[in-house]
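Participant: The structure follows.
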Amino acid sequence: MAVLSIRNFPDPTLKQKAKRVRTIDGSIRKLISDMIETMHSVPERVGLAAPQVGVSLRVIVIGLPEAEDIAIVNPKIVRRRGERLINEGCLSVPGYFGQVKRAESVTVKGRDQNGKEIRIKAEGLLAQALEHEIDHINGVLYLDHLESTDKLYKIEPEETQL
Ligand SMILES: [Zn+2]
Numbered sequence: 003m004a005v006l007s008i009r010n011f012p013d014p015t016l017k018q019k020a021k022r023v024r025t026i027d028g029s030i031r032k033l034i035s036d037m038i039e040t041m042h043s044v045p046e047r048v049g050l051a052a053p054q055v056g057v058s059l060r061v062i063v064i065g066l067p068e069a070e071d072i073a074i075v076n077p078k079i080v081r082r083r084g085e086r087l088i089n090e091g092c093l094s095v096p097g098y099f100g101q102v103k104r105a106e107s108v109t110v111k112g113r114d115q116n117g118k119e120i121r122i123k124a125e126g127l128l129a130q131a132l133e134h135e136i137d138h139i140n141g142v143l144y145l146d147h148l149e150s151t152d153k154l155y156k157i158e159p160e161e162t163q164l
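Using the working numbering, you'd call the opening residue of the sequence shown number 3 and step up by one each time.
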């Protein structure tokens, strides 16, 4: 496993729509384990999408405190419910956070690292992390959801990073 370097805004990979993974093989499993190690290399990080490490593929990982790590290949939101305003930060936009509109709960479909179909129903931080990381593979940053740059604030060092 290896800790990969994180691409920061305005790196062009972050603005690309990532490609679908056709075959979940050893190289994808290695990417997933490297992404998980990279995510855990700083304790406040709870999620990471492949474009953030310069790989334009539809792969995301999520590691919430006291929960098992989740890796999803070709994730897709199949249902969104409710709406809430929450503060959000991003590893690729260091030093800032903003207030964005997110769903209260989401249902996501995709495949795990063994190619098995998975379906996750989530609310709270997990729902937020899923929406945030799936935005990344569509070339979308939370900055794109801000009403204006006035809504962007300087971060305190201990905030959660998605
Ligand atoms: Zn992010």
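All residues carry an ideal CB built from backbone N, CA and C; glycine is no exception.
All of these numbers come straight from a predicted model, not from anything done at the bench.
Could you say which of I157, K78, E68 and A124 lies nearest to Q165 if we only look at CA atoms?
Facilitator: Examination of residue 165 is not possible in this model, given that the chain is present from 3 through 164 alone.
Participant: So within the segment 6-87, which uninterrupted alpha helix (DSSP H) runs reach at least 4 residues, ignoring any that extend past its ends?
Facilitator: Qualifying alpha helix (DSSP H) stretches, in chain order: 28-42.
Participant: Can you confirm whether the segment 81-88 touches the segment 38-57 when touching is taken to mean that 3 or more C-beta pairs between the two stretches lie within less than 8 angstroms?
Facilitator: Taking 8 angstroms as the limit for Cβ pairs, the verdict is that the segment 81-88 does not touch the segment 38-57.
Participant: If the criterion is Cβ atoms closer than 8 angstroms, does the pair G91 and L164 meet it?
Facilitator: Cβ distance < 8 angstroms, so G91 and L164 count as in contact.
Participant: Would you say S29 touches ligand 1, meaning its beta carbon is less than 7 angstroms from a heavy atom?
Facilitator: Not under cutoff, so the answer is no.
Participant: Give the secondary structure of G126 by DSSP, where H, G and I count as helix, E and B as strand, and everything else as coil.
Facilitator: The answer is helix: DSSP assigns G126 an H, G or I state.
Participant: Quick one: measure Cβ to Cβ for F11 and S94, integer angstroms, because I've assumed they're closer than 8 angstroms.
Facilitator: The Cβ separation is near 5 angstroms, so the contact holds.
Participant: To which residues does DSSP link Y1 through a beta bridge?
Facilitator: There is simply no residue 1 to check, as the chain begins at 3 and stops at 164 in what is shown.
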